[in-house]
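Undergrad: Reading the sequence shown from the start, the letters are residues 63 to 260 in this note's numbering.
Just dropping this structure here.
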Amino acid sequence: MDDKELYRQILGVVAPWKIKTIELALEQDRVDIYLEWPKLQDGTCPECEKTCKVHDRRTERTWRHLDTCQLKTFIHCQIPRVKCDEHKTKTMEVPWAEDMSRFTKQFERIAIQFLEASENRSKTAEVLRLSWDELNHIMEKAVNRGLSRRTDDTIKTIGMDEKSYLKGQSYITVMTDTEGKRILDVVQDRKNKYLIFI
Ligand SMILES: [Zn+2]
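Next comes the structure, spelled out in structure tokens:
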């Protein structure tokens, strides 16, 4: 099995997406994987899912993926834009990440699971080798995903609870759905909104 086939399977790259090149930089503890949509391959409109001609490609974007062999793993791609008769020029969706994210879906899922298990942001950031901002970005996205899924009309009673963390130096206010036992929102220092899982 060659490197591309190995990474194709590890990353779950589904045709017609394919791996163009893999760059290994051991001294930097990272591997960079370049994905591409084949040149003559028609694309799919993200609005109506019709098959359309590829119009052009966007400038390259990079996503952090789960580590492979303890190497920080990054996916790069110039996402094609299709020309749809109805929806004009649209950027195609990619299967590995949500729009505007700097991380793959798998990475975000693991980060949130780690946070749930550890209940510790510092540890999560350290283990996943994330900056504070990067972790907050993932948490914000999880909140927004939860909010978009949630229907408030199913919530009958709400509980508020103040909890301390960082050895009592900081406080967060947790809002819960007391019947459904869901955490609805977490507010830190009453200014910055954080987490959590819904
Ligand atoms: Zn369309």
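Virtual Cβ for every residue (Gly too), placed ideally from N, Cα, C.
To the nearest angstrom, how far is it from the Cα of M63 to the Cα of E148?
TA: 43 Å
Undergrad: Between the segment 68–86 and the segment 113–123, do at least 3 Cβ pairs fall closer than 8 Å?
TA: no
Undergrad: Go through its chain and collect everything with a Cβ distance to P100's Cβ below 6 Å, but skip five positions before and after it.
TA: P78
Undergrad: Where do the N-terminal and C-terminal ends of the beta strand (DSSP E) with D161 fall, by residue?
TA: Careful: D161 lies outside any beta strand (DSSP E) and carries neither H nor E.
Undergrad: Listed in chain order, which residues are found with a beta carbon closer than 6 Å to a heavy atom of ligand 1?
TA: C107, E109, C110, K112, C146, E148 and H149
Undergrad: DSSP state of R70, grouped into three classes?
TA: helix
Undergrad: Can you give the Cα-Cα distance for G105 and K115, rounded to whole angstroms?
TA: 6 Å
Undergrad: Hey, how far is the Cα of W194 from the Cα of S184?
TA: 8 Å
Undergrad: Taking C-alpha atoms, which residue in L190, E155, H199 and A204 lies nearest to Q132?
TA: L190
Undergrad: Using only alpha-carbon positions, find the residue among D65, I137 and E109 that is nearest to D94.
TA: I137
Undergrad: Would you report the Cα separation of E181 and D161, rounded to the nearest angstrom?
TA: 27 Å
Undergrad: So what does DSSP say about D147, is it helix, strand or coil?
TA: coil
Undergrad: How long is the line joining the alpha carbons of F176 and L209, rounded to whole angstroms?
TA: 20 Å
Undergrad: Check K112 in the structure and name its three-state DSSP category.
TA: coil
Undergrad: Which whole-angstrom value describes the C-beta separation of I174 and A204, a residue pair presumed to lie in contact below a C-beta threshold of 8 Å?
TA: 5 Å
Undergrad: Could you tell me the alpha carbon to alpha carbon distance between E178 and R126, rounded to whole angstroms?
TA: Each residue's Cα considered, the two are about 20 Å apart.
Undergrad: Alpha carbon to alpha carbon, how far is I258 from M201?
TA: Unreliable placement is indicated for I258, whose pLDDT of 45 sits below 50; no coordinate value is reported for it.
Undergrad: List in chain order: all unbroken alpha helix (DSSP H) runs of 4+ residues lying wholly within the segment 164–211.
TA: 167–180, 183–189 and 194–211
Undergrad: Considering Cα atoms alone, identify which of E98, T130 and R92 is closest to L68.
TA: Check the Cα spacing between L68 and each of E98, T130 and R92: the tightest is with T130.
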